[in-house]
Every structure is written in C-alpha cells, then in structure tokens.
Amino acid sequence: MKSFNCDFANEDRTVPMANSGHGVAVNGVGAPGSGTLSREERRRRRRATQKYRTAHATRERVRVEAFNLAFAELRKLLPTLPPDKKLSKIEILRLAICYIAYLNHVLQA
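Counting in the numbering used here, the sequence shown runs from 1469 upward without gaps.
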C-alpha cells in the first residue's frame, strides 16, 4: 500500500465566531418591578432550576459520549504507524481528509 502525506501544520484554519449576544430587555419589558417577564427572562429563570440543570447535564453527557464513540469508529478506519497511536480529534479529522483524498486519487489512477 502506498503512503499518503498529510501536512496541515502550516495552514491557518481559523473560523470567525459569530457574536452570541444575549437578549436584553427593551423599553422596560422584563425590568424588575414591571410585573411582566420577557420571553428571554422566563427562559433564563427556567434554566436556573436544579431540575433543568441536571437534565441538561445528562443530555450533554450522552451527546459527548456519542460524539466520542463516532471519533473512535472513524479512528479505527484510518491507517497510522503505530496502529495504536493516540490522536487528537482534530488529528483524526485531518487524517481522514487526507486518507479520503488519497483513496480518491487511487480510484482515479
């Protein structure tokens, strides 16, 4: 089997992040003492409950576990020397990109 070369070390792969601003009360809606809460304020209060935080933490744990299992499955499909070499998630993704490109080149040849 031919080897393939992957070098992402010199590439700049930064992605600009969108501004994730939080809702702000406008014209006194949701202000203390106004008697009426804005949708954002109700959401914020609901998220502050222990029950919500516990449920959210459980969902997040399940999501991260599924995410890690997917990376483990992808890692099994990629050839490296030594075969049991520990790779970071970004290394797995970059190696997968290169390996797919290599296999595509082999098919076209």
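Every residue gets a Cβ at the ideal spot worked out from N, C-alpha and C, and that includes glycine.
Quick one: give me the first and last residue of the alpha helix (DSSP H) that L1545 is part of.
Premise fails: L1545 is in no alpha helix (DSSP H) and is neither H nor E.
With L1563 as the anchor, note down where its alpha helix (DSSP H) starts and where it stops.
Element bounds for L1563: 1557 to 1576.
Which residue wins for smallest C-alpha separation from L1571, given the options D1552, L1545, K1553?
Comparing Cα positions, the closest option is L1545.
Taking P1583 as the reference, give the member of A1564, R1529, E1528, L1575 with the closest Cα.
Because the chain spans 1469 through 1577 in this model, residue 1583 falls outside it and cannot be assessed.
Can you tell me the Cα-Cα spacing of E1559 and R1514, whole angstroms?
In a straight line, the C-alpha of E1559 is about 39 Å away from that of R1514.
Indicate the three-state DSSP secondary structure (helix, strand or coil) for T1504 in the structure shown.
For T1504, the secondary structure class from DSSP, reduced to helix, strand or coil, is coil.
Cβ shell of R1543 (< 6 Å), same chain only, five flanking positions each side left out:
Taken in chain order, the residues that qualify are I1560.
Check whether the Cβ atoms of F1539 and K1554 lie closer than 8 Å to each other.
For F1539 and K1554, no; Cβs fall outside 8 Å.
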